[in-house]
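Data first, discussion second: the structure below is written as structure tokens.
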DNA sequence: TTGTTTTGATAAATTTTCCTTATTGCGAGA
DNA sequence: TCTCGCAATAAGGAAAATTTATCAAAACAA
């Protein structure tokens, strides 16, 4: 079999034109080098060097082989360098999924800090619903995802990042109370995102509301639409603080915080248990937590 | 030290996504492969594969390393081939691809002459469509291919072999003209091979016919079927001379040559630019040309 | 849950490869 | 002819790779 060792010995021989010195150059005894060169010659079926008293010189075939050998050795060296530059957390491509009800509010803060701390990170973002993110994670199409906990997938690991408290959003009322209790949510008047959006389930769960057939069945398909509806006085809804901080057009809405124990959703990071190392994930989690 | 053995085991692992099967592929026990992979990983200082129950999957770093590895292995393979070709042309194994619309007509003449001139040649033939041949050439699975020019791959080199003029094949007509002009092709009546066959594109291009929605849309999937249809009087088609010389069942068909400038396709030989030497290809080309 | 199967990792023994030292053979120049 | 320098060869030992056997963890089926 052809080996890299043979090629590098041959390279040394070409440089020195002398078996003894070539052997010295690669820190090996002269017979060892001789044997490897002969091995290379028989393997290729070609005479590569012409031995003459005083030293050795390459044949025409040898020169061609040398050129190709050096290309190979160079490529190998490149591969080895590649390894070194790729070390350390969050280096190179990293595929991160985010649920839509977090993405637009969290990312603007997060991305610049990531770029500062990990300049060699090539972040590939994907925004999708929780169920999609989970399956893409499991299949190895994503490296990690930011979503609301808890998850039940037992091939995934999660870490909590922060709590995101809910607010009650109602049409503007001058006499809005400073804070209300979670038990005082106006059920008949409540409007949520359509079925399938995780924000809907989170809101229901956080506030301990059972799904109610009497509840207004118009499911808004996006948060912006939903806020539009509230603004126009149609209903109330539950908004996570995360959205409030960034969403525009909240002027005509009253945002009422809850009394303790305030309902909230837990935002966390998820990744495969079988993922190579955890350093990427802890590094990412730290960046997000220290905002 | 990094070795070629490690790279080829890693290549196998990438192909199989499974340690056991990868080991089988390289004819070695599973632990042997596992050890070499781990060695490669520690040497590069990178985790290359993610082990999970069910198999193994490349990490992002692993994918990059794989690409570089394959380049190296390909270069090594070329170097090995170089040895053989340097000892005289067409010596030892030679993998030749041929497109189906040439193979059955060209090979019966060519093979005996090749055997006479180059008795040590071990020809390995592969018949496939142009796109397949090109990709197999590029990946180093073929040494050369006979197909219709021109090609656009800039990592391949080509040489024209001969011109193969087209004939118009119509159902038998006693008063068939001795020759017709290319501009007089009966478009409405024209039947060609289905989309994807290069012969179809060549015919259209050679005769400067734009794809026409009115054209009969029944695409025949093989040349034999096509000729069958013509025989039964359904339509006309364009046949290259190459096929006419050998195809059976042409008795009930009128074959009308074209007036100058007669449309034709160019048959040529293609190989990798990076191929060790050109002598194989010129030798092969000469054999084909001097038929 | 509890066996059962499958997967990759690990261990120990063995084979293969490679290396070192010692020696030989060959050719050029004194 | 003698001798010096060079590469090839031989023999024994060290290192690397492989094999078989076994293990632990995870997935799967009962």
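Residue numbers (the numbering used here), protein chains in the order written: chain A, 31 to 321; chain B, 31 to 321. Glycine included, C-beta positions come from ideal geometry on N, C-alpha and C. The model shown is predicted, which means the values in this text are computed figures rather than measured ones.
Check, Outcome
"For residue 80/A, report the span of its alpha helix (DSSP H) as first-last.", "Where residue 80/A is concerned, there is no enclosing alpha helix (DSSP H), although the beta strand (DSSP E) it sits in stretches over 79-82."
"According to DSSP, is residue 314/B helix, strand or coil?", "helix"
"May I have the straight-line CA-CA distance separating residue 173/A from residue 69/B, to the nearest angstrom?", "24 Å"
"Quick check: residue 188/B and residue 91/B, are their CB atoms within less than 8 Å of each other?", "no"
"Which bits of chain B does residue 306/A rub up against, with CB to CB less than 7 Å?", "77, 80, 89"
"What does residue 187/A reach in chain B if we use C-beta pairs closer than 9 Å?", "Residues of chain B passing the Cβ test: none, with the nearest at roughly 13 Å."
"So is residue 82/A buried or exposed if we call it buried at 16+ other beta carbons inside 10 Å?", "exposed"
"Check the Cβ of residue 99/B against every Cβ in chain A and list those closer than 8 Å, keeping chain order.", "109"
"CA-CA distance, residue 169/B and residue 104/B?", "8 Å"
"Pair every Cβ in the region 84-102 of chain A with every Cβ in the region 123-131 of chain A, then say whether three or more of these pairs are closer than 8 Å.", "no"
"Express the C-alpha separation of residue 255/A and residue 222/A in angstroms, rounding to a whole number.", "11 Å"
"Beta-carbon of residue 161/A versus every beta-carbon of chain B: anything under 8 Å?", "no"
"If you count every other CB in all the chains shown that lies within 10 Å of the CB of residue 118/B, and 16 or more means buried, which is it?", "exposed"
"Start and end of the beta strand (DSSP E) containing residue 87/A?", "85-88"
"What's the call for residue 244/A, buried or exposed, on a 16-neighbour Cβ count within 10 Å?", "Low confidence applies here, because residue 244/A scores a pLDDT of 49, under 50, leaving its location unreliable; read the following figure in that light. Burial call: exposed."
"Quick check on DSSP: helix, strand or coil for residue 194/B?", "strand"
"Given 7 Å as the limit, tell me if residue 90/B has its C-beta closer than that to any heavy atom belonging to the ligand FMN.", "The ligand FMN is absent from the structure shown, which contains no ligand whatsoever."
"Considering just the uninterrupted stretch of the alpha helix (DSSP H) at residue 40/A, what are its terminal residues?", "34-46"
"Under the DSSP definition of a beta bridge, which residues are partnered with residue 199/A?", "267/A, 285/A"
"Starting from the C-beta of residue 282/A, find all residues in its chain whose C-beta is less than 8 Å away, skip the five residues before and the five after it, and write them out in chain order.", "201, 202, 261"
"Does residue 244/B get closer than 8 Å to chain A when you measure Cβ to Cβ?", "For residue 244/B, the predicted model reports a pLDDT of 49, less than 50, meaning its position is unreliable; a value from the coordinates is still stated below. Not one chain A Cβ lies under 8 Å of residue 244/B."
"Can you tell me whether DSSP reads residue 129/A as helix, strand or coil?", "coil"
"Just list the alpha helix (DSSP H) runs in the region 124-172 of chain B, keeping only unbroken ones of 4 residues or longer that don't cross its boundaries, in chain order.", "133-147, 160-168"
"Run through the DSSP bridge pairs and tell me what residue 187/A is partnered with.", "301/A"
"On the three-state DSSP scale, how would you describe residue 181/B?", "coil"
"Taking all protein chains shown into account, decide if residue 65/B is buried (16 or more other Cβ within 10 angstroms of its Cβ) or exposed.", "exposed"
"Relative to the alpha-carbon of residue 291/B, which residue among 210/B, 259/B, 265/B, 269/B has its alpha-carbon at the smallest distance?", "210/B"
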